[in-house]
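Asker: First the structure, then my questions, so here it is.
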Amino acid sequence: MKSRVSRIFALLVVIGLAFTMVPQALAASAKPKEVRIGLLFPTSGGFSLLGTDQMKGAEMVLKWANSNGGINGVPIKIVYGDSASNAAAGATAAQRMIDNDKVNIIIGSYSSGIAQAVMPVAQRNNVILWEVGAVSPTVNSQGYSNFLRTVGVSKTYAAADYDFVTKFLAKKLGKKATDLKIAIANNDGAFAASVGDAVKDLFVAKGMNIVAKEVYPATSTDLTPLVLKLKAAAPDVLFLTPDAPDSLLFWQTAKTQDFNVSALVGSSGIGGAGFVAKFGNAGVEGVYDVEAPALASMNTSGLKSRVADLTAQWVKDFALAMGHPCAVHCGDGIGGTYTLVTDVLPRALRVSNSFSASAIVSAASKTLIQDGGTPQGFGVQFTGTNSSTVGENIKAKSVIMQWQGGALKVVWPAALATSTPSAPMKTWAQR
Numbered sequence: 001m002k003s004r005v006s007r008i009f010a011l012l013v014v015i016g017l018a019f020t021m022v023p024q025a026l027a028a029s030a031k032p033k034e035v036r037i038g039l040l041f042p043t044s045g046g047f048s049l050l051g052t053d054q055m056k057g058a059e060m061v062l063k064w065a066n067s068n069g070g071i072n073g074v075p076i077k078i079v080y081g082d083s084a085s086n087a088a089a090g091a092t093a094a095q096r097m098i099d100n101d102k103v104n105i106i107i108g109s110y111s112s113g114i115a116q117a118v119m120p121v122a123q124r125n126n127v128i129l130w131e132v133g134a135v136s137p138t139v140n141s142q143g144y145s146n147f148l149r150t151v152g153v154s155k156t157y158a159a160a161d162y163d164f165v166t167k168f169l170a171k172k173l174g175k176k177a178t179d180l181k182i183a184i185a186n187n188d189g190a191f192a193a194s195v196g197d198a199v200k201d202l203f204v205a206k207g208m209n210i211v212a213k214e215v216y217p218a219t220s221t222d223l224t225p226l227v228l229k230l231k232a233a234a235p236d237v238l239f240l241t242p243d244a245p246d247s248l249l250f251w252q253t254a255k256t257q258d259f260n261v262s263a264l265v266g267s268s269g270i271g272g273a274g275f276v277a278k279f280g281n282a283g284v285e286g287v288y289d290v291e292a293p294a295l296a297s298m299n300t301s302g303l304k305s306r307v308a309d310l311t312a313q314w315v316k317d318f319a320l321a322m323g324h325p326c327a328v329h330c331g332d333g334i335g336g337t338y339t340l341v342t343d344v345l346p347r348a349l350r351v352s353n354s355f356s357a358s359a360i361v362s363a364a365s366k367t368l369i370q371d372g373g374t375p376q377g378f379g380v381q382f383t384g385t386n387s388s389t390v391g392e393n394i395k396a397k398s399v400i401m402q403w404q405g406g407a408l409k410v411v412w413p414a415a416l417a418t419s420t421p422s423a424p425m426k427t428w429a430q431r
């Protein structure tokens, strides 16, 4: 009798455990209710024009994903933050997003200095920083595991510059590449300094003739001394890396001081809508810009058909919403976010049933998108946590664009170009 009671008791225990474990198993297999993504960009302050463009590009893709079922049926909750063009404000806004809105991912940041301040906050709170705009290698110099960057670093700018100078510009100017007089100028911010240094390092290593390398404070209100130094060096080609505000100040000062070069290859604000708005079509004609491609003037024939169709629609929607073309920074937001919502997050959900930082990093480690598979034309493959550069897209590229007839057109390389480059630039007297 005692043995029978014991058996019945044991059976009841087993049945009880089974009923206890069933809801636990169901809970473990249940999909996340949503994925929370924060958009953290400078939408006020000195970086706001281009920062807002980048944010808008990312937002359009997130909204498109939601209208098409989210991430395999899981909706995206979009949260907005303003870094106010300031690193400390960016870090504070990131912490607020994490504490108050419980974001899984922060998409940012436009500015390398801001991204560098946000990254430790994301890592400390086990949140992903999905970087679509900042290019300085110092952003993740500490090798944080929760960092993933879709856009190329500053060395891709230098590589594009060198390729363009040696394969096109030198011949067009009637000189050997090593005979060209090269000047490099950049402000002292993280982004500009990294690009200026990358150009110098590569060009020196290749035996190019550097006649000037100037660094100026990003907060400068008078660039006359800088322009006069560059004018005295009499370069054929100037590589200029400013931020948005000082790009306008530099070009105005160059006009005032009648500083002329055969080719100016700029970046950042040089490729923004504010540049042509201030100086007019004739005032910017022939100026080059090196960055990721401006989607509105990129040859999309090499893109996969679905990617090309989506890109065309987003470019159209952006222009209608913002009143100017989808150029470089809009493209950064679109391209980087497209990879997140179509490749990495679906894999994280499928493999790990989770949007945790570890699940996203693991999913990103399997990403292998070939050229033509993203709106920006280049592919995506991230370096792993065992790499000396964690979370970098080794397939990212930069291109050369040129202001022609008031539009920023991709002119190099030929595969992405919608126009042919022209040189030399007109002098100020000829404009």
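Start counting the sequence shown at 1; every next residue gets the next number (the UniProt record's numbering). All C-beta atoms in this analysis are idealised placements derived from N, C-alpha and C, irrespective of residue type, glycine included.
(1) Thinking D317 and M60 are a contact (beta carbons under 8 Å), I'd like their distance in whole angstroms, please.
(2) Quick check: what's the CA-CA separation for A25 versus K31?
(3) Compute the distance between the beta-carbons of Q116 and Y288, then report whether it is under 7 Å.
(4) Under the three-state reduction of DSSP, which class applies to G38: helix, strand or coil?
(5) Give me, in chain order, the residues of the same chain whose beta-carbon lies closer than 6 Å to that of A87; leave out the 5 immediate sequence neighbours on both sides.
(6) Between the Cα of T342 and the Cα atoms of P375, F259, D99 and A158, which residue gives the shortest distance?
(7) Residue range of the beta strand (DSSP E) that K213 falls in?
(8) How many Å lie between K366 and T224 at the Cα?
(9) With DSSP collapsed to three states, give me the class of D258.
(10) Taking V315 as part of the alpha helix (DSSP H), name the residues at either end of that continuous run.
(11) Roughly how many angstroms lie between the CA atoms of F41 and V135, to the nearest whole one?
(12) Based on Cα-Cα distance, which residue from L202, V127, T427 and I394 lies nearest to V35?
(13) Give the secondary structure of Q404 by DSSP, where H, G and I count as helix, E and B as strand, and everything else as coil.
(14) Taking buried to mean at least 16 other C-beta atoms within 10 Å of its own C-beta, is T339 buried or exposed?
(15) Going by alpha carbons, who is nearest to A58 out of A93, F147, V79 and S194?
(16) Within the chosen definition, does the stretch 422 to 430 reach the stretch 256 to 266 through at least 3 CB pairs nearer than 8 Å?
(17) Can you grab the Cα-Cα spacing for the pair V315 / V307, in whole Å?
(18) How about Q54 and G152: are their beta carbons less than 7 Å apart?
(19) I'd like to know whether the C-beta atoms of G372 and L416 end up nearer to each other than 7 Å.
(20) If contacts are defined as beta-carbon pairs under 8 Å, then A177 and T166 qualify, I think. What distance do you get, rounded to the angstrom?
(21) Here's the rule I'm using: 16 or more other beta-carbon atoms within 10 Å means buried, otherwise exposed. How should residue 443 be labelled?
(22) Just to confirm my understanding: we take S48, look at its own chain, exclude 5 residues before and 5 after, and list those with CB closer than 6 Å. What are they?
(23) Among the residues of its own chain, which have a CB less than 7 Å from the CB of V411, if the five just before and after it don't count?
Answerer: Here's the rundown:
(1) Between M60 and D317 the Cβ distance is about 6 Å, and since that is below 8 Å, they are a contact.
(2) In this prediction, A25 scores a pLDDT of 42, lower than 50, which makes its location untrustworthy; no coordinate-derived value is stated.
(3) Taking the C-beta atoms as reference points, Y288 is found no nearer than 7 Å to Q116.
(4) If DSSP states are grouped into helix, strand and coil, G38 belongs with the strands.
(5) Here the set comprises G113, I114 and A117.
(6) Nearest to T342 by C-alpha distance, out of P375, F259, D99 and A158, is P375.
(7) Note, K213: beta strand (DSSP E), N209 to Y216.
(8) Cα to Cα, K366 sits roughly 50 Å from T224.
(9) In the structure shown, D258 adopts coil according to DSSP, grouped into three states.
(10) It spans S305 to M322 - the alpha helix (DSSP H) in which V315 sits, taken as one unbroken run.
(11) Rounded to whole angstroms, the gap between the alpha carbons of F41 and V135 is 15 Å.
(12) Out of L202, V127, T427 and I394, V127 has the C-alpha closest to the C-alpha of V35.
(13) Strand, per DSSP.
(14) Counting Cβ neighbours within 10 Å, T339 comes out buried, since at least 16 surround it.
(15) Distances from the alpha-carbon of A58 to those of A93, F147, V79 and S194 put V79 closest.
(16) In this structure the stretch 422 to 430 lies against the stretch 256 to 266, because at least three pairs of beta carbons, one per stretch, are closer than 8 Å.
(17) Approximately 12 Å, taken between the alpha carbons.
(18) Cβ distance not < 7 Å, so Q54 and G152 don't count as in contact.
(19) Result no, Cβ atoms of G372 and L416 do not sit closer than 7 Å.
(20) Between T166 and A177 the Cβ distance is about 5 Å, and since that is below 8 Å, they are a contact.
(21) Given that the chain is displayed from residue 1 to residue 431, the structure contains no residue 443 and the question cannot be resolved.
(22) Closer than 6 Å at Cβ, skipping near neighbours: P42.
(23) Cβ neighbours of V411 beyond the five flanking positions: I400, M401, Q402, A417, S419, T420 and P421.
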